[in-house]
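**Q**
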Amino acid sequence: MVDADIQDVLTLDSHENIEIKVYNPGVNLGKNLYSKAKKFLTDFRSANQRMHNKTFIVDDKVVITGGRNIADEYFDYDHEYNFRDRDVLFLGKAVGDVTASFTEFWNDKLSVPVLNLTDDVPNNISEKTRFDRLHAYACNPENFWPQVRSKIENLPSAFASIKQNDELVWLDSVSFVSDAPGKNDGSHGLGGGGISTSALIDLVKNAKHTIDFQSPYLITSQLSRSLFREAAQRGIKIRILTNSLASTDNVEAFSSYQTDRKKLLGTGVRIFEFKPDAAERVKIMTGELHSTLEHQPIFGLHAKSMVIDGKISVIGTFNLDPRSANLNTECVTIIHSKKVANKVLNGMEEEFKSENSWETTTEFNPDSEVGAGKRIKTWTRKILPKDIL
């Protein structure tokens, strides 16, 4: 999603080394309000489909992929709200699969050059100083703490340390699974699934002992609850960590989860809800942020991860909701490695602890931890259809 002034986007695109396209435009970056309204009214499904893939590819040799978007709150820079996220870095043959997926999206007809989306002309296209404001922002220590600069400067030694400490795990194969542009043909309305959806369903169906999930947004359908119930009846122990009302940034999604929470608990899963002041926030977020501000930023969960039987890890962009299942294009990395699974699971175990999350039951939930205003706002969102949340 593009959350920027069109002139800023055009200025970036004018750089000789930067080219910007927008996937399925017309809603969040269209020519005018009329065209956006028309798209919703005449093609509701298409208007609600987004490219949710997140990949960062360097020189076709190194990839980082996972749940993180490009915004302050995903890198602990925001002064009000920051996310707990998870990504995976990999090298080798799997990089080719990610590059192929990116190229498929880049060349698809749904991806449109930003210059084609507006009648505006970059108002500073010929100014040599047009990037000075961006440079000044980056140089302001209030925007990028000294610790961040230090980490960037020490990046070469950080990679050397990872290698020396045997932190890199070398495997015969890593599965990168991505939906195709367009997701599905739309013949099932707002349903239809996708490649990533099928891959995750297969993993759940073939689990033998345990399934541990993390998803910031948890909106279940009859299909997904049946899937969990069948797994629980096979003796699979299932735990899910999601955001609490106090930590969520999306009251619309939480409203739907809230409505079906007891039904989900009835399937046999255990549910944990992330605390906005989770103790691990102090360990993760930039130190100066804590010492400088008079208040503590909210800490919300954004990681989308799954561990099956303590030996298969899934790290990607897929939320446990109908939007990820049927509308958004998603990508996940599936890693068959007990060593990697242990690392991911250790992180999850920390977040399941009582200092970081509440366990929700049929008798208890932490909704009362927020004020009446947010609870009322959440209640009013119950009229929204869950398929598009």
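Here our numbering is used: the first residue of the sequence shown is 146, the next is one more, and so on.
We put the CB at the ideal spot given by N, CA and C, even for glycine.
1. Between which two residues does the beta strand (DSSP E) harbouring residue 418 extend?
2. By alpha-carbon positions, which one of 256, 531, 446, 389 ends up nearest to residue 327?
3. Suppose you measure from the CA of residue 259 to the CA of residue 222; what does that come to, to the nearest Å?
4. So the beta strand (DSSP E) residue 504 belongs to, where does it begin and stop?
5. If you draw a straight line from the C-alpha of residue 425 to the C-alpha of residue 501, how long is it?
6. So for residue 384, helix, strand or coil by DSSP?
7. Enumerated in chain order, which unbroken segments of the alpha helix (DSSP H) with a length of 4 residues or greater are wholly contained in the segment 213-291?
8. Take residue 241 as the anchor and find which of 207, 165, 471, 252 has the nearest alpha-carbon.
9. Would you identify the three-state DSSP class for residue 527, choosing helix, strand or coil?
10. Going by CA-CA distance only, name the one from 237, 394, 497, 155 that's closest to residue 321.
11. Excluding the 5 residues flanking residue 453 on each side, which residues of the same chain have their C-beta closer than 7 Å to its C-beta?
12. Helix, strand or coil, according to DSSP, for residue 323 in the structure here?
13. At what residues does the alpha helix (DSSP H) containing residue 458 begin and finish?
14. Out of 205, 210, 171, state which residue places its alpha-carbon closest to the alpha-carbon of residue 192.
15. Are the CB atoms of residue 467 and residue 443 nearer to each other than 8 Å?
16. With a Cβ-Cβ cutoff of 8 Å, do residue 167 and residue 262 count as a contact?
17. Which term fits residue 471, buried or exposed, when burial requires 16 or more other beta carbons within 10 angstroms of its beta carbon?
18. Should the segment 265-275 be regarded as contacting the segment 487-504, the criterion being three or more beta carbon pairs within less than 8 Å?
19. Answer with buried or exposed for residue 318, where buried requires no fewer than 16 other C-beta atoms within 10 angstroms of its C-beta.
20. Indicate the three-state DSSP secondary structure (helix, strand or coil) for residue 452 in the structure shown.
21. Which word fits residue 313, buried or exposed, when buried means at least 16 other C-beta atoms lie within 10 angstroms of its C-beta?
22. Per DSSP, residue 446 is paired with what?
**A** The short version:
1. Against the sequence shown, residue 418 aligns to sequence position 273. It spans 415-419 - the beta strand (DSSP E) in which residue 418 sits, taken as one unbroken run.
2. Counting from 1 along the sequence shown, the entry for residue 327 is found at position 182. Considering only alpha carbons, the answer is 256.
3. Reading the sequence shown from its first residue, position 114 is the one you call residue 259. Reading the sequence shown from its first residue, position 77 is the one you call residue 222. Their backbone Cα atoms lie some 27 Å apart in a straight line.
4. Within the sequence shown, the letter at position 359 stands for residue 504. Run containing residue 504: 502-505, per the beta strand (DSSP E) assignment.
5. Taking the sequence shown and counting its residues from 1, the one referred to as residue 425 is at position 280. Taking the sequence shown and counting its residues from 1, the one referred to as residue 501 is at position 356. Whole-angstrom Cα-Cα distance: 7 Å.
6. On the sequence shown, position 239 is the one that residue 384 refers to. DSSP places residue 384 in strand when its eight states are reduced to three.
7. 239-252, 277-284
8. Taking the sequence shown and counting its residues from 1, one reaches residue 241 at position 96. The option with the nearest alpha carbon to residue 241 is 207.
9. Stepping through the sequence shown from its first residue, residue 527 is reached at position 382. Of the three classes helix, strand and coil, the one that applies to residue 527 here is helix, per DSSP.
10. Taking the sequence shown and counting its residues from 1, one reaches residue 321 at position 176. The option with the nearest alpha carbon to residue 321 is 237.
11. If you number the sequence shown from 1, residue 453 lands on position 308. Once the five neighbours on either side are set aside, the close Cβ partners of residue 453 are 348, 352, 356.
12. Sequence index remark: in the sequence shown, residue 323 carries index 178 (1-based). Note: residue 323 maps to strand in three-state DSSP.
13. For this step, residue 458 is matched to residue 313 along the sequence shown. Unbroken run through residue 458 is the beta strand (DSSP E), 457-461; no alpha helix (DSSP H).
14. Taking the sequence shown and counting its residues from 1, the one referred to as residue 192 is at position 47. Minimum Cα distance to residue 192 is reached at 171.
15. As a working note, residue 467 is residue 322 in the sequence shown. As a working note, residue 443 is residue 298 in the sequence shown. Cβ atoms of residue 467 and residue 443: not closer than 8 Å.
16. Here residue 167 corresponds to residue number 22 of the sequence shown, with the count starting at 1. Here residue 262 corresponds to residue number 117 of the sequence shown, with the count starting at 1. Contact flag set, yes.
17. The count along the sequence shown starts at 1 and reaches residue 471 at position 326. Label assigned to residue 471: buried.
18. no
19. In the sequence shown, residue 318 corresponds to position 173, counting from 1. Answer is exposed; the Cβ neighbour count stays below 16.
20. Indexing the sequence shown from 1 puts residue 452 at position 307. Residue state, collapsed to three classes: strand.
21. Residue mapping note: residue 313 aligns to position 168 of the sequence shown, counting from 1. Counting Cβ neighbours within 10 Å, residue 313 comes out exposed, since fewer than 16 surround it.
22. Indexing the sequence shown from 1 puts residue 446 at position 301. Residue 446 is bridged to 229.
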